[in-house]
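Data first, discussion second: the structure below is written as structure tokens.
Numbering (the numbering used here), first residue to last: 57 to 309.
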């Protein structure tokens, strides 16, 4: 019996040794796998598309934040079937893994028409006039809109003005200005909702929202010649067939 007990103890000790070896082997395999993943899935190349409000570096910082943020395998799991949300001016961002060391970040920004100043902040609105962002800084390519009359501003609600159709006109103008690579200092609407663009000391009187493309295309062709001048370029009645344009210099004071 004594001999049998000693054999049983030796067997248990042998089993513990085998279990320990298996655990160590698994740990070594996991360590090797982790080393391989960290080494071979380290992001070296990043392509960023669709961003206007943020630089490529800012987008990369948002997406690749935190531990293992530079690992493509980790990001593929983190953002699988899930875009990046809750970023100002951004509808969503998608992350695509192109290869172990390369990712593409596609940014889908909110469609902003313009902004108004209210209580020291810049309130950005979309094509429907809905306030979608409030910011302390201006954004290049989005024009300031003045002349609109409103008493209050509520986030995610339309700007309370009488003629809501003006927002579509603003978006059209913003898109056309971008098309012709022009940047107006601001857009002004009078009480009849007729529009004037401001470029330094030159004002381009556009009138209503008709023939915007033709008017801005002509404006692009003459704006350089008006540099240094002060006055109003009258484009209210300009069409492709009737090029009735005058420049009215400001009166010297």
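Note that beta-carbon positions come from the ideal geometry of N, C-alpha and C, so glycine has one too.
Residue from the options whose Cα sits closest to the Cα of residue i
i, options, result
"residue 143", "191, 102, 130", "191"
"residue 152", "286, 131, 107, 198", "131"
"residue 307", "257, 283, 261", "257"
"residue 251", "174, 137, 203", "203"
"residue 141", "172, 80, 166", "166"
"residue 101", "122, 84, 158, 115", "158"
"residue 241", "235, 223, 230", "230"
"residue 213", "111, 179, 193", "179"
"residue 272", "96, 171, 233, 136", "233"
"residue 170", "149, 148, 194", "194"
"residue 245", "225, 296, 239, 114", "225"
"residue 125", "139, 114, 99", "99"
"residue 297", "288, 267, 172, 289", "267"
Buried versus exposed, by CB contacts within 10 Å (16 or more), residue i
i, result
"residue 22", "Nothing about residue 22 can be reported from this structure: the residues present for the chain run from 57 to 309 only."
"residue 185", "buried"
"residue 60", "Only weak support is given to the placement of residue 60: the predicted model assigns it a pLDDT of 49, under 50, and the value that follows is read from those uncertain coordinates. Looking at its Cβ environment, which holds fewer than 16 other Cβ atoms inside 10 Å, residue 60 is exposed."
"residue 161", "buried"
"residue 109", "buried"
"residue 294", "buried"
"residue 82", "exposed"
"residue 175", "exposed"
"residue 127", "buried"
"residue 197", "exposed"
"residue 146", "buried"
"residue 120", "buried"
"residue 7", "Residue 7 lies beyond the residue range present for the chain, which begins at 57 and ends at 309; the question has no answer from this structure."
"residue 248", "exposed"
Paired residues, beta bridge with residue i - DSSP
i, result
"residue 173", "178"
"residue 155", "158"
"residue 202", "244"
"residue 305", "287"
"residue 98", "127"
"residue 140", "149"
Residue i: first and last residue of the uninterrupted beta strand (DSSP E) it sits in
i, result
"residue 105", "101–105"
"residue 252", "251–255"
"residue 258", "258–263"
"residue 289", "287–290"
Which of helix, strand or coil DSSP assigns to residue i
i, result
"residue 145", "coil"
"residue 187", "strand"
"residue 210", "coil"
"residue 165", "strand"
"residue 72", "helix"
"residue 112", "helix"
"residue 150", "strand"
"residue 238", "coil"
"residue 117", "helix"
Segment limits, alpha helix (DSSP H) that includes residue i
i, result
"residue 225", "222–235"
"residue 275", "268–278"
"residue 130", "128–134"
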